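Undergrad: From first to last, the protein sequence lines are chains E and Y. According to full-length UniProt numbering, the first sequence is numbered sequentially starting from 1. According to full-length UniProt numbering, the second sequence is numbered sequentially starting from 1.
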Amino acid sequence: MKARFLWLDMRATLGERKTWLAAGMMLYAAISMPFVAAKPPEHVLSALKGWFSTSDPFILFLFIWTDLAMNKCILVLGVVLASSLLIRERETGQLAVLLSKPISPAAYFLARTLSACAVMGVLYIGTHLAAAPFVARSLPGFRAGLFFASMAVHLFAAFFAVCFSALMAVLIQRRALAGFVSLMVLSLLVGMAFIGFYNPAWNGISQLNPLTQGISVLGHVDDLRPGHVLTPIALLLGMNAAVLALGALRVRHLEM
Amino acid sequence: MHAIEIDRLTRVYGSVRAVDGVSFHVEPGEIFGFMGHNGAGKTTTLRMLLGLTRPTSGSARVLGHDVVHESLEVRRQCGFLPASYALPAHMTARQFLHYVAAMFDLDPGVAETRIQSLLQLFGLEAAADRKLGGFSTGMTQKVGLAQALINEPRILLLDEPTSGLDPLGRYELLEHLRRLSSERGVTVLFSSHILSDIETLCQRVAALHQGKLVAFGPVEALKSEHRSANMDELYLSLARRAA
């Protein structure tokens with residue numbers, strides 16, 4: 001993998017209009033969520049008390065932040081950053097120039113997807129770093145360790161959203177359809193992410209859902225150990241690697 | 001060793017034989033004309049030479065490298081300007097050239113030196129830090145040619161490089177190509193349906209018609225063989241004979 005190419009691609013993606021729109025969305029989440037969490041809707045409060053058996057405002061905030069804000073943000077960002085990967089370049093004729101260089105289509109796909117993951121990482125971590133001081137000041141009982149542990153695991157679910165969207169792009173090869181399918185599947189995974197919380201019978205099968213792995217720290221808010229962070233990260237790394245490998249395999253057989 | 005050697009190269013799409021048993025070779029350092037009407041198979045042949053399209057049968061070697069099994073090595077030593085392309089609108093010319101240089105694993109210092117000299121060569125210094133989205137056709141074509149030269153290629157594959165250029169841009173481009181060939185020994189495979197450009201630039205040509213090679217050799221010898229006064233007459237004569 002050409003590290004400088006990856007870096008330049010990431011910088012170029014950061015300068016794109018779509019990235020700025022995504023950054024705006026994340027910023028909006030960072031600013032608005034503490035207000036929402038300060039006075040959550042009654043039905044949300046009662047549901048949360050049922051699932052978490054707590055009225056700790058920080059835990060309630062963490063749930064609202066992770067599910068209502070970040071889960072939705074990562075699914076939209078994943079689609080925005082990666083669902084037109086290679087399709088747009090082919091439609092505009094850029095691919096003919098780029099693939100005439102000594103880089104295989106599979107390596108190009110991997111580099112572009114990893115670069116999109118890096119952009120997602122910058123936006124995601126940046127949002128958390130921006131939100132943390134604001135939340136710490138406005139919310140009693142802010143636990144920085146738990147906040148960032150949850151962020152670390154969920155970040156890899158965000159990478160999954162990017163990798164999955166990139167896979168759909170090269171499998172479907174039509175921009176609108178690839179974006180739509182990515183959005184639908186990721187929405188479904190987001191919607192089912194908490195199913196194991198409110199129905200323990202689904203706990204086993206829901207572990208296959210990358211988004212469930214991404215929010216798994218919320219199940220250990222009172223007894224958080226390194227394994228609760230590292231295990232889901234390792235599982236998500238494996239899922240992401242499998243998705244990337246499928247994408248690279250598909251691209252190998254494409255004629256550009 | 002020939003710079004480019006093509007042996008019975010064939011590419012079939014369904015029932016269409018886009019390239020049909022084409023064989024010819026290009027010598028090192030020459031500017032070789034590759035002519036034919038639109039859809040004759042020129043672009044498919046160039047794409048096969050770069051390993052971007054797999055031949056159905058036949059073989060081709062570029063600087064001794066097999067285009068199927070050693071395509072990355074072929075691309076490392078070639079520069080390519082496609083007929084129809086776009087450049088990333090959100091990048092500046094300088095950023096894009098650095099981006100392409102990184103694909104060749106060029107050291108950033110070396111890349112910067114080459115980019116500076118290419119910007120100078122094509123008169124793009126003033127526009128180097130402007131977004132490519134705002135470039136005219138002629139300026140885009142210059143950046144396109146600059147990206148094809150960033151690796152100091154030994155072989156330059158140009159697909160319809162003069163289409164879309166105004167007379168001055170066309171003249172400048174042909175002059176650049178002459179200099180590259182004479183001063184740096186770059187082999188140029190110049191594919192075009194604009195026959196006057198080929199006549200101006202090339203000593204030897206290959207002509208394709210409906211995927212088949214209909215002529216290959218020195219321009220003057222072909223003109224004399226077919227009793228043609230110019231390239232237009234020559235091509236018409238070849239096409240009529242092949243039909």
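Using N, Cα and C, we set each Cβ at its ideal position, and we do this for glycine too. Predicted model only: the values in this text are computed from it and were never measured.
Taking buried to mean at least 16 other C-beta atoms within 10 Å of its own C-beta, is Ser83 (chain E) buried or exposed?
TA: Ser83 (chain E) is buried by the Cβ-count criterion.
Undergrad: Is Ser84 (chain Y) close to chain E, meaning its C-beta is less than 8 Å from at least one C-beta of that chain?
TA: Interface residue, yes.
Undergrad: Starting from the N-terminal side, write out each stretch of the alpha helix (DSSP H) that is 4 residues or longer and does not extend beyond the stretch 16 to 49 of chain Y.
TA: If we require 4 residues or more, the alpha helix (DSSP H) runs fully inside the stretch 16 to 49 of chain Y come out as 42 to 49.
Undergrad: With Ile64 (chain E) as the anchor, note down where its alpha helix (DSSP H) starts and where it stops.
TA: First-last for Ile64 (chain E): undefined, no H or E at that position.
Undergrad: Would Leu52 (chain Y) count as contacting chain E if we go by Cβ distances under 8 Å?
TA: Output row for Leu52 (chain Y): interface = yes.
Undergrad: Starting from the Cα of Gly179 (chain E), find the closest Cα among E:Val162, E:Val190 and E:Ile195 and give me that residue.
TA: Cα-wise, what sits closest to Gly179 (chain E) is E:Val162.
Undergrad: For a quick check, are the C-beta atoms of Phe216 (chain Y) and Val143 (chain Y) less than 8 Å apart?
TA: No, Cβ-Cβ distance for Phe216 (chain Y) and Val143 (chain Y) is not below 8 Å.
Undergrad: Using the DSSP secondary-structure output, state which residues sit across from Phe80 (chain Y) in a beta bridge.
TA: Partner(s): Y:Leu157.
Undergrad: I'd like to confirm the pairing. Which residues does DSSP put opposite His65 (chain Y) in its beta bridges?
TA: Y:Val62.
Undergrad: Cβ of Gly15 (chain E) less than 8 Å from any chain Y Cβ?
TA: Closer than 8 Å: yes.
Undergrad: Mind listing the chain E neighbours of Pro108 (chain Y)? Cutoff is C-beta to C-beta under 9 Å, in chain order.
TA: The answer, in chain order, is Arg4.
Undergrad: So, does the stretch 128 to 136 of chain E touch the stretch 31 to 38 of chain E, judging by three or more C-beta pairs under 8 Å?
TA: Output reads yes: the stretch 31 to 38 of chain E touches the stretch 128 to 136 of chain E.
Undergrad: Listing by chain order, which chain Y residues have their CB less than 7 Å from the CB of Leu8 (chain E)?
TA: Within chain Y, the residues near Leu8 (chain E) are His98, Tyr99 and Ala102.
Undergrad: Going by CA-CA distance only, name the one from Y:Leu49, Y:Ser59 and Y:Glu30 that's closest to Arg76 (chain Y).
TA: Nearest of Y:Leu49, Y:Ser59 and Y:Glu30 to Arg76 (chain Y), Cα basis: Y:Leu49.
Undergrad: Please report how far the alpha carbon of Gly109 (chain Y) lies from the alpha carbon of Ile103 (chain E), in whole angstroms.
TA: Between Gly109 (chain Y) and Ile103 (chain E), the C-alpha separation is close to 21 Å.
Undergrad: State whether the stretch 153 to 163 of chain Y contacts the stretch 230 to 247 of chain E, with contact taken as three or more CB pairs (one from each stretch) at a distance under 8 Å.
TA: Judged by Cβ distances under 8 Å, the stretch 153 to 163 of chain Y makes no contact with the stretch 230 to 247 of chain E, as fewer than three pairs qualify.
Undergrad: Examine chain E for any beta-carbon lying closer than 8 Å to the beta-carbon of Pro161 (chain Y), and answer yes or no.
TA: No, Pro161 (chain Y) lies away from the interface with chain E (no Cβ there is under 8 Å from its Cβ).
Undergrad: Could you round the C-beta distance between Lys212 (chain Y) and Ala243 (chain Y) to whole angstroms and report it? I think they count as a contact, below 8 Å.
TA: Between Ala243 (chain Y) and Lys212 (chain Y) the Cβ distance is about 11 Å, and since that is not below 8 Å, they are no contact.
Undergrad: Is the beta carbon of Leu238 (chain Y) closer than 8 Å to that of Ala206 (chain Y)?
TA: Cβ atoms of Ala206 (chain Y) and Leu238 (chain Y): not closer than 8 Å.
Undergrad: Using only CA atoms, which one of Y:Asp107, Y:Lys131 and Y:Glu183 lies nearest to residue 257 (chain E)?
TA: With chain E covering only 1 through 256, there is no way to say anything about residue 257 (chain E).
Undergrad: Rounding to the nearest angstrom, what Cα-Cα distance links Ser187 (chain E) and Val153 (chain E) in this structure?
TA: Cα to Cα, the separation comes out at about 19 Å.
Undergrad: From the DSSP output, which residues share a beta bridge with residue 244 (chain Y)?
TA: Residue 244 (chain Y) lies beyond the range of chain Y shown here (1 to 243); nothing can be said about it.
Undergrad: Hey, how far is the Cα of Met35 (chain Y) from the Cα of Pro105 (chain E)?
TA: The alpha-carbon atoms of Met35 (chain Y) and Pro105 (chain E) are separated by roughly 29 Å.
Undergrad: Under a CB-based cut-off of 8 Å, is Ile103 (chain E) close to chain Y?
TA: Chain Y contact via Cβ: present.
Undergrad: Do His90 (chain Y) and Glu16 (chain E) have their beta-carbon atoms positioned less than 8 Å apart in this structure?
TA: Their beta carbons are under 8 Å apart, which means Glu16 (chain E) touches His90 (chain Y) by this criterion.
Undergrad: Going straight from the alpha carbon of Val185 (chain E) to that of Leu208 (chain E), what length do you get?
TA: Cα to Cα, the separation comes out at about 14 Å.
Undergrad: In chain E, which residues lie less than 8 Å from Leu72 (chain Y) when you measure between Cβ atoms?
TA: Neighbours of Leu72 (chain Y) on chain E, chain order: Pro102, Ile103 and Ser104.
Undergrad: Does any residue of chain E bring its CB to less than 8 Å from the CB of His69 (chain Y)?
TA: No - not a single Cβ of chain E is within 8 Å of the one on His69 (chain Y).
Undergrad: Helix, strand or coil for Lys142 (chain Y), going by three-state DSSP, please let me know.
TA: In the structure shown, Lys142 (chain Y) sits in a helix (DSSP, three-state: H, G or I).
Undergrad: Check each candidate in Y:Leu189, Y:Val68, Y:Tyr13 and Y:Glu125 and name the one with the smallest Cα separation from Pro153 (chain Y).
TA: Ranking the options by Cα distance to Pro153 (chain Y), first place goes to Y:Leu189.
Undergrad: Excluding the five sequence neighbours on either side, which residues of its own chain have a C-beta within less than 7 Å of the C-beta of Arg54 (chain Y), listed in chain order?
TA: Around Arg54 (chain Y): Val68.
Undergrad: Determine the direct distance from the alpha carbon of Ala149 (chain E) to that of Ser191 (chain Y), and round the result to whole angstroms.
TA: Cα to Cα, Ser191 (chain Y) sits roughly 59 Å from Ala149 (chain E).
Undergrad: For Trp20 (chain E), does the count of other Cβ atoms within 10 angstroms reach 16, so buried, or fall short, so exposed?
TA: Under this definition Trp20 (chain E) is an exposed residue.
Undergrad: Between Y:Asp232, Y:Leu72, Y:Leu157 and Y:Gly169, which lies nearest to Thr137 (chain Y) when the distance is taken from Cα to Cα?
TA: Of the candidates Y:Asp232, Y:Leu72, Y:Leu157 and Y:Gly169, the one whose C-alpha sits nearest the C-alpha of Thr137 (chain Y) is Y:Gly169.
Undergrad: Using only CA atoms, which one of Y:Leu174, Y:Gly64 and Y:Ser84 lies nearest to Asp7 (chain Y)?
TA: Measuring from the Cα of Asp7 (chain Y), the nearest candidate turns out to be Y:Gly64.
Undergrad: Hey, would you say Arg130 (chain Y) sits closer than 8 Å to Ala83 (chain Y), going by beta carbons?
TA: Going by C-beta atoms, Arg130 (chain Y) is not nearer than 8 Å to Ala83 (chain Y).
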